[in-house]
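Here is the structure we will look at.
Residue numbers (UniProt numbering), protein chains in the order written: chain A, 1 to 690; chain B, 1 to 308.
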């Protein structure tokens, strides 16, 4: 007979962001457990609210299938004594297997006879198997764990009750002092504790107690209610998926309601209003049909509609207090000019081992101007990026950002415009923080992109120079994220940024007298490696083959964009018919060139040539060297690949390690030259060619 | 809302209620501090194996939050109603919700939520897990299960409930500014506290003697360390509290740079760690008198020599 089993873990309110991953984990761990236990079932239905994680397993078998299994014992010569009687070893073995010596048969294995017995293992009952779910429940892991009372056990929040019901029977087990039972609890205020007759009653029984246990249904219920409100009022409400998910996991019985705030607050920038509503109060904000913010909000109560006017009034009051603060800051902040704020940044520390924020801006202005020129910005753009760099952190000392830290940059843009800065400068101030997360949006404007690179590069260089280099999971200043930001911005804008440019920017800081009292130069190589490491992570994430990634990252090319292009080109050619031959020819050059004593490498002396292949190779290498700086990477690869026959002929005809020292050095010099040219395509030795 | 309780009626109601739940009614501790958690009735008593149930009002001074009585919700000094129960009772959430009912807040007429908020006080080496309690969208209490106090893992766990009395009262009395709250008998909060708010804001932001405060911090720190070495836990703890408040005054004055700030905080943290250890040792010397189960008490007195 097919059975249904219900498991419910009742908890004090879990953090909203933990609920969905936790129920997934419970389902996954249960599935794995049942599979290991070889017991069949049809499906697992998940239920989750802030106060419960539950699963309903349908179509469960009565028991595990029986198993007949052959077990190997000792060798025949050990199993029988010299008189042909069963030895202690044989008797012990059979006892251990729950059979008798009469059950023994012999079989040959690799020329030796061994004892074998047939063993019948009866499948365990479904009740026994399900009792083992205790370990699944206690084995759950959570991002934060806590202890409570006098227990040492740790969990996401205290466990309050456990339901384990197989059809109409309780499956007994116990965690701490809590025994499994058939009692579940309804909504904290509207519902009561109820007794479940059968595992299948769960969802309906809870609905009667004001709990929508199915998270999907709860979410869709909230969505429907909000959409209804929107259509009744002719509003547009954007259902931010993260907020909807969070709200779903904050309530068991959702009732959406609307509230309003004084129209006078609409003079505050939308971002501030939205942050106050969405991030601080978990409200949905409301737009009119033209996308204009309206002085209303929608929130969701954990309860029914009774006395909802209290809830509305309370929420309106809280929002009004927040907006009144925001309005105050907005007005106060405008009493000072940007120059006043910049002045204040002279006493705000960027990091106490590095410099003030003001000094950072001075450096970033020099870096941005220096990079901007090389990246082909117009004079006007360079002027804008320099202006932006001189002021871009000013909003950090405004009252609004002091109160709403998440609005840094956003308020910078607003206040810059109010202070008469041009829109390009203002936009760059906002965009310099981007990307805010590993895959967050990038700056849209060129000026913003250059400022973003300069700001991040300065942070990485100065932190490295001050000895605060990320290691392992220790990256308190999120320098890896900033490095990823640089890599993504140059890639998207197709900008060439290499170590030489970084060196030049540092020199420019020194000449402009804004360099920090730190040795940044000594860190350029390490920073280059740090950036390349981010490229590696990016490429592997894009499923570029490991050997290609290793070849790219292992090469000496420090141009970030080139690294991406090389990876692309090598990947594109990997399936060429002659790829193997080409790479073998090129890597042969790399290997032999390694034998060259760098101090003895000279210009190639044609008078030392003794066969035809030598001048041919020289001509070919000179030709590549001449074109190298003009060719793009795909074309450069083709030029290198075309060397294959010349290289092969050369090695067929030429003994590089000649006895004559002069001849040998001449040949190694030739190959070194070629090797340097090849390495621009990466360390091809890392490629695996089949 | 059926009745509008005055501030003092709210305090009396909470005291009445929590004493009935087995809490001892302590009095506010007479050394300046930033939060009820820093009272020895919470900080020290949360450490070690002895049970502890207490409730008290704690005036909490936060010099940087002073607003010259011009902001309706921000104060140099506000009042917390603090409840600590160790080990945390199984029904602590229900006990809390019932306390709201005592104040006339019927959960069926409001929206009450437990929203995740993990609390940390790095300068005192404390961390806990819990919630902000929202009443119709307003945070009216902090609810914490302490996990680490003074750098020591707690065992058993203390549950702490901190009611923000001004906020709660503003809600109950339906006023927009704390200065309009009725403290009792027709006397308004502003009648009592407007002047000290203005004066303390002026002092904290404008006229405090930085040099003297810095010197005092050093002196208090020296004294705290000396008294820890002498095994005098409570005098030492008083000086740690004085250090903390003195630092807060310096910080409000903008006299502390970012570098120095970290330095001051780590000095306070080190003292908090050593006083926590000293407290447990001292309680053990006294024989953990609050443990009434004799067998357990003897076992605890015997073991643990190797634990620290």
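Cβ coordinates follow ideal geometry from the N, Cα and C atoms, glycine included.
Cβ neighbour criterion (16 or more within 10 Å) applied to residue i
i, result
"residue 457 (chain A)", "buried"
"residue 307 (chain B)", "With a pLDDT of 45 at residue 307 (chain B), under the threshold of 50, the predicted position of this residue should be treated as unreliable, and no value is reported."
"residue 295 (chain B)", "exposed"
"residue 6 (chain B)", "buried"
"residue 231 (chain A)", "exposed"
"residue 1 (chain A)", "exposed"
"residue 299 (chain B)", "exposed"
Within-9 Å CB hit, residue i to chain B
i, result
"residue 144 (chain A)", "yes"
"residue 296 (chain A)", "no"
"residue 48 (chain A)", "no"
"residue 82 (chain A)", "no"
"residue 546 (chain A)", "no"
"residue 14 (chain A)", "yes"
is_contact[residue i, chain A] using C-beta, thresh 9 Å
i, result
"residue 309 (chain B)", "No answer is possible for residue 309 (chain B): it lies beyond the span of chain B, which begins at 1 and ends at 308."
"residue 78 (chain B)", "no"
"residue 119 (chain B)", "no"
"residue 137 (chain B)", "yes"
"residue 54 (chain B)", "no"
"residue 230 (chain B)", "no"
"residue 166 (chain B)", "no"
"residue 234 (chain B)", "no"
"residue 63 (chain B)", "no"
"residue 215 (chain B)", "no"
"residue 108 (chain B)", "yes"
"residue 276 (chain B)", "no"
"residue 14 (chain B)", "no"
"residue 191 (chain B)", "no"
"residue 157 (chain B)", "yes"
Residue from the options whose Cα sits closest to the Cα of residue i
i, options, result
"residue 29 (chain B)", "B:40, B:274 and B:22", "B:40"
"residue 202 (chain B)", "B:241, B:168, B:189 and B:252", "B:252"
"residue 220 (chain A)", "A:245, A:566, A:175 and A:201", "A:245"
"residue 66 (chain B)", "B:146, B:133 and B:194", "B:194"
"residue 129 (chain B)", "B:139, B:135, B:157 and B:150", "B:157"
"residue 303 (chain A)", "A:353, A:209 and A:319", "A:209"
"residue 172 (chain A)", "A:664, A:92 and A:132", "A:132"
"residue 277 (chain A)", "A:306, A:252, A:318 and A:309", "A:318"
"residue 98 (chain A)", "A:70, A:403 and A:82", "A:70"
"residue 578 (chain A)", "A:475, A:47 and A:689", "A:689"
"residue 593 (chain A)", "A:355, A:461, A:432 and A:656", "A:656"
"residue 124 (chain A)", "A:581, A:260 and A:34", "A:34"
"residue 249 (chain B)", "B:15, B:293 and B:32", "B:32"
"residue 465 (chain A)", "A:450, A:351 and A:365", "A:351"
"residue 247 (chain A)", "A:16, A:492 and A:216", "A:16"
Local conformation of residue i per DSSP, three classes
i, result
"residue 472 (chain A)", "coil"
"residue 170 (chain A)", "strand"
"residue 161 (chain A)", "strand"
"residue 74 (chain A)", "strand"
"residue 648 (chain A)", "helix"
"residue 232 (chain B)", "coil"
"residue 24 (chain B)", "strand"
"residue 392 (chain A)", "coil"
"residue 493 (chain A)", "helix"
"residue 349 (chain A)", "strand"
"residue 46 (chain B)", "coil"
"residue 113 (chain A)", "strand"
"residue 256 (chain A)", "strand"
"residue 379 (chain A)", "helix"
"residue 307 (chain B)", "With a pLDDT of 45 at residue 307 (chain B), under the threshold of 50, the modelled position of this residue cannot be trusted, and the question is left open."
The ligand NAP heavy atom lying under 8 Å from the CB of residue i
i, result
"residue 521 (chain A)", "Judged by which ligands are present, the structure shown has none, so any question about the ligand NAP falls away."
Next on the checklist: Quick check on the DSSP output: what are the complete alpha helix (DSSP H) runs of length 4 or more inside the stretch 88-143 of chain B, in order along the chain?
Outcome noted: 92-102
Item to check | 3-residue-minimum beta strand (DSSP E) runs that sit fully inside the stretch 276-337 of chain A, ordered along the chain | outcome: 284-287 and 293-302
Next on the checklist: Which complete beta strand (DSSP E) runs does the stretch 7-91 of chain A hold, if anything under 3 residues is left out?
Outcome noted: 43-49, 52-60 and 67-75
Checklist entry - Residue ranges of each alpha helix (DSSP H) run of no fewer than 4 residues wholly in the stretch 434-491 of chain A, ordered along the chain? => result 446-465
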